[in-house]
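Note sheet for the following structure.
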Amino acid sequence: MRERSITRRLILSMAGAIAALWLLAAGLGVMVMQDEFGEIFDSALQETAERLLILFVDDIERSKAAPDGHLDSIIAATGKEYLVYQLRDDQGQVLLRSHDAPAAPFDVPLKRGFWRDASFRFYTTSSSDGTLYLQMADALADRREALVEGALALLLPVLLLVPASIGLVWLIVRRSMKPIDELRQAIAGKDGGNLAVIAREGLPRELLPIVRSINLLLSRLRAVLEAEREFTANSAHELRTPIAGALAQTQVLIEELPNGPRKARARQVETSLVHLSRLAEKMLQLARAEAGIGVGDAPVDLARVLELVVLDFQRDPQFSSRLRLERAEGAMLRRVASEDGFAIAVRNLIENALVHGAAEAPVEVRLEQDGTVRIINDGQVLAGWELELIRKRFGRGRTAASGSGLGLSIAERLLGHMDARLELLSPPPGRRSGLEARIRFEPDLPAVTAPTA
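Per my numbering, residue -14 is the first one in the sequence shown, and the count goes up by one each step.
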């Protein structure tokens, strides 16, 4: 389903409304202009006809007094005539006409006033004695041409104003939506390690009810998580001592019992207690991770921490021959982070690689020049759904090795506090089997590299 955008909807609706209003205003302007043009043209037509009639009556009287008594029936003209006329007697005969007027009488009654046909607008006026009629015509095509030119002169600025209005609407909407974007970013930044309330200062009044509801939810969630973390930490801490005591007593009992079924059952109890002890330790680490132990306040040398963790594993005879550390020439890793948090994260990743990898197969820990940490083992290839499964708490893949299912979850949580992300690849690039856990820090916090000689 396509996500709806409030910004897009506002811009389109407001821009469409403004464009429609501009066009409506322009259309109304054209209608008013048409009426006004009609009145102006009619007034000019009437005034011109009445003035010309006076002149024609005077010319006719002069021609009658002249010796030859001749009067030209066609008035010469140069250029286009916008107004044409015919001077007619009371019988309808054409006495005078303009150059572009037809020779046949206009099909208009000899009656004072306006008349209209398909092509012309006429005005008829008569002399005081009613013996002469002047009929003047104005072509409707000329009126339409004037109206079109006026409408274009009105619409062209509107066509320029509409895009400008749309751009202005876009700027206003984006600026108005900025507080919502800031609130969205503030909400997106909340997680188990950051449940502080959202500041209300500077927010629009319309967003304050939302912020109050979110802050109330964050307060409740923080209380629940703190209670959960406290319970987990206290439970794990309180269980460590009795588990250690029970394990010690069981080991003493194993030494005292003779070989037989009882001693075998005692060893099974020992194995269960060891597993329970490791689970309690992981739960304590998880509680510390949820409490934000990975957050640091100053840059630290994480490469040295990585070397110390690897060295600690290499001291264990079980893993000493399998674990190898490779550091690219000049590679360093200095970040704002917690040394303890990074050590716990790396320890869990290396432990997973050793325990769940192929037996006796080497595990490589590499520090690349860009600060990326790669932990690679050899083993079966995991499908995409399995990679997602083992990221979850108590998620376990297809493995016969014992484990709590918390190691990757703890590591990912701690690395998130350091602006780093955990990537899982199976098989690793260039290999046919195995799993690679890759710690990649954000590019906006570049690793510090040693200067070259």
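Don't be surprised by glycine CBs; every beta carbon is placed ideally from N, CA and C.
The DSSP-derived three-state label of residue 226 is helix.
In the DSSP assignment, residue 286 falls within the unbroken beta strand (DSSP E) covering 284 to 286. In this structure, 96 is the residue among 39, 116, 219 and 96 with its C-alpha nearest to the C-alpha of residue 108.
Straight-line spacing of the CA atoms in residue 87 and residue 132 works out to 26 Å. In this structure, residue 403 sits near residue 322, with a CB-CB distance shorter than 8 Å.
The residue from 342, 375, 374 and 269 with its alpha-carbon nearest to that of residue 329 is 269.
In the displayed model, residue 121 falls within a strand according to three-state DSSP. Shortest Cα-Cα distance from residue 72 to any of 101, 99, 119 and 313 involves 119.
Inclusion of residue 421 and residue 410 in the CB contact set at 8 Å is warranted, their separation being smaller than that value. Rounded to the nearest angstrom, the gap between the Cα atoms of residue 372 and residue 366 is 10 Å. Judged by DSSP in its simplified three-state form, residue 71 adopts strand. Under the criterion of beta carbons closer than 8 Å, residue 168 and residue 188 qualify as touching, at roughly 7 Å. Pairing residue 0 with residue 151 gives a Cβ-Cβ distance under 8 Å. Residue 411 carries a coil assignment under DSSP once its states are collapsed to helix, strand and coil. Between residue 257 and residue 228, the C-beta gap is not smaller than 8 Å, which leaves the two residues out of contact.
Closest option to residue 28, judged by alpha-carbon separation, among 13, 160 and 106: 106. The residue among 378, 8 and 271 with its C-alpha nearest the C-alpha of residue 211 is 271. Residue 110 is bridged by DSSP to 119. As for any beta strand (DSSP E) of minimum length 3 sitting wholly inside the segment 310 to 376, the runs are 319 to 321, 348 to 352 and 358 to 362, ordered along the chain. By the CB criterion at 8 Å, residue 4 and residue 147 fall inside the cutoff.
The beta carbons of residue 320 and residue 287 sit closer together than 8 Å.
Residue 130 carries a helical assignment under DSSP once its states are collapsed to helix, strand and coil. C-alpha of residue 393 to C-alpha of residue 419: approximately 16 Å in a straight line. One alpha carbon belongs to residue 296, the other to residue 408, and they sit about 24 Å apart. In this structure residue -11 is exposed. Its beta-carbon is surrounded by fewer than 16 other beta-carbon atoms within 10 angstroms. Here DSSP, grouped into helix, strand and coil, assigns residue 81 to strand. Between residue 11 and residue 140, the C-beta gap is smaller than 8 Å, which places the two residues in contact. Under the three-state reduction of DSSP, residue 421 is assigned to strand.
Under the three-state reduction of DSSP, residue 184 is assigned to coil, being neither helix nor strand. In this structure, the beta-carbon distance from residue 35 to residue 110 falls below 8 Å. Residue 378 and residue 390 have their C-alpha atoms roughly 6 Å apart.
Per the DSSP secondary-structure output, residue 98 pairs in a beta bridge with 109. According to the DSSP assignment, residue 397 belongs to the alpha helix (DSSP H) that extends over 392 to 401.
Taken through DSSP and simplified to helix, strand or coil, residue 244 comes out as coil. The closest CA to that of residue 234, considering only 251, 45, 135 and 198, is found on 251. If you draw a straight line from the Cα of residue 246 to the Cα of residue 416, it is about 46 Å long.
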